[in-house]
Structure formats: C-alpha cells, structure tokens
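What follows is a set of notes on a single structure, which appears directly below.
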Amino acid sequence: MKRFIEQWVRRRNPHFAIHPAVPLGWLVGFAADTTGALLRGSTLWLRGRNPHGAMLGRNVRFNYLSRIRFGRWLKTGDQVRFSGLSTGDLTLGDNVSIGAYSQVIVSTSLQEPGAYIRLGHRVGIGEFAYLGGGGGLRIDDDCIIGQYFSCHPENHLHADVEQLIRQQGVTRRGIHIGPNCWIGSKVTVLDGVTISEGCVVAAGAVVTRSVPARSIVAGVPARVIGTREPQDIAVSHLSALAS
771 MKRFIEQWVR RRNPHFAIHP AVPLGWLVGF AADTTGALLR GSTLWLRGRN
821 PHGAMLGRNV RFNYLSRIRF GRWLKTGDQV RFSGLSTGDL TLGDNVSIGA
871 YSQVIVSTSL QEPGAYIRLG HRVGIGEFAY LGGGGGLRID DDCIIGQYFS
921 CHPENHLHAD VEQLIRQQGV TRRGIHIGPN CWIGSKVTVL DGVTISEGCV
971 VAAGAVVTRS VPARSIVAGV PARVIGTREP QDIAVSHLSA LAS
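Residue numbers (the numbering used here): 771 to 1013.
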C-alpha cells in the first residue's frame, strides 16, 4: 500500500516519499481522504468542466465558473471559495494548493469588476488566505505562502473630507509576486507592490512598497533587512570581514 500511495502522489509531487515511521492506519486514512477529495473534484464534470484530477475539500464553491481556469491536480482544503467575477480571468496553474477557509475572489462588484488573479504552477498557500484581484494579482511559479496571507490590489480614495469615503472611488495598480518566494504567515501585501524573484518575507510583515529580487523583508511597514546571496559571494564577504 505504501508503494501504491507514493506512486500515486508522485503524479502531483515527483519528490514525495512516505516517512518510515508512518503507520499503516495513517496510510489508510490518507487514502480515504484523498479518494473523497477526488470524488468531490469529479463533480465539476456536472458543470461542464474537466476537473484535471482536482482534489477538493468539503463545501468548496466556484462562482462565475466560466471565468475560472485551472490546471492539473488542483488541491483545496474545506470551505474554499473561488469567484471569477472579472474583466480578465481567474487562472490557476498545475499543482496549486489552497488551504482551508481561503477566499480567492477577483471581485464582488458587478458595477466595477476586478481585473484578474493568476497563480503559476506549484503555488502553495496556507489556510485562511484572502486573495483579491481588483487591480490584478499575479503570483508566479513555485511560491510557498503561509496561513492568513492577504493581498489587496486596490485602495480607497479619501482626500475629500466632505464626502463619504465609500463614495470617492478606488485606485487600482495591481500586485505581482515573482517566482520562488517564501512568504510567512499573516503577511499582508498592498496595492502597487512588486515582490521580485526569490524573496523571503517574514511572518507578520505588511508590504507597502516594492522590493528587489532575493531580498529578505520584515516589519510593519516592511523593509529589506538582508539579501539572499549566492554561496560564493556570501563566503567572500565573510572572509573580507575576518581579514
């Protein structure tokens, strides 16, 4: 059974291997849960869509499904909601994972539909995330993101003190997160921000401005506190300091 499960999961994750200490009972439970998730995913056929091996938690909702595209092996936790209400689309690449109770919502307004949300391949996002797409949200391949992550590519105008803020409209510039980023839990990213390739964002950070590639970012508001350098450069810096 162990070999069968490993071969099956490797269709989605080629590097998967079961730890030797895992007992048979856990494997049986895992197989049952995965089978249930695949059966829930197969109900997408009833809405005219190929599930591509989707593994869905309980009570997952797809609103405006005609604007939603997803690749192979989509995996979600329970109570996840997708809404494709947009002028563009909601696109999920292959092997995307979305944690339980997350909201992936381009917009909720028929008056001002949002732009788009596009997640690349092998993007993993933890539980209780909120991804908005008002001004456009793009997260590139191989990003790993912790729980309670939120992206808000939209800002409310508020300069006129004589008028209600909710009646002053919004600005939308969009958010872009480059490939191979690690973003910790409870991180918030605000409109207009680009997080470039290979960045690490510490838990709890509020990212209000763009950061260059391979930066280490922390704080409220977030600032660059370090850089991920190639090993040979890091060693040469340490040698220079020691001399």
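Positions of the beta carbon are idealized from the N, C-alpha and C atoms, including for glycine.
Remember, predicted model here, so these are calculated numbers, not experimental data.
| Query | Result |
| --- | --- |
| Nonlocal neighbours in the same chain, by C-beta distance under 6 Å from Arg851, ignoring five residues either side | Arg831 and Gln873 |
| Between the CA atoms of Met771 and Thr964 - distance to the nearest angstrom | 45 Å |
| Leu816 classed as buried or exposed, judged by whether at least 16 other C-beta atoms fall within 10 angstroms | exposed |
| Beta-carbon gap between Arg819 and Leu835 smaller than 9 Å | yes |
| Contact the region 937–945 vs the region 980–995: 3+ CB pairs below 8 Å | no |
| Contact check, Arg828 vs Asp848, beta carbons under 9 Å | yes |
| With 16 other Cβ atoms within 10 Å as the buried cut-off, status of Val792 | exposed |
| Burial state of His926, where buried means 16 or more other Cβ atoms lie within 10 Å | exposed |
| Range covered by the alpha helix (DSSP H) that runs through Ala1080 | Residue 1080 is absent from the model: the chain starts at 771 and stops at 1013. |
| Reduced DSSP category for Gln937 - H, G, I as helix; E, B as strand; rest coil | helix |
| Anticipated Cβ contact below 8 Å, Ile945 with Cys921, distance rounded | 5 Å |
| Separation of Ala824 from Leu844, as counted between CA atoms | 5 Å |
| Validate contact between the region 927–934 and the region 951–971 using beta carbons, cut 8 Å, 3 pairs | no |
| Classification of Arg837 by the beta-carbon crowding that lies within 10 angstroms, buried from 16 upward | buried |
| Reference Gln917, options Leu934, Asp911, Ala899 and Gly906, closest by Cα | Ala899 |
| Straight-line gap, Phe840 to Leu797 (C-alpha atoms, nearest Å) | 28 Å |
| Of the residues Val990, Ser985, Gly811 and Phe919, the one placed nearest Glu999, counting alpha carbons only | Ser985 |
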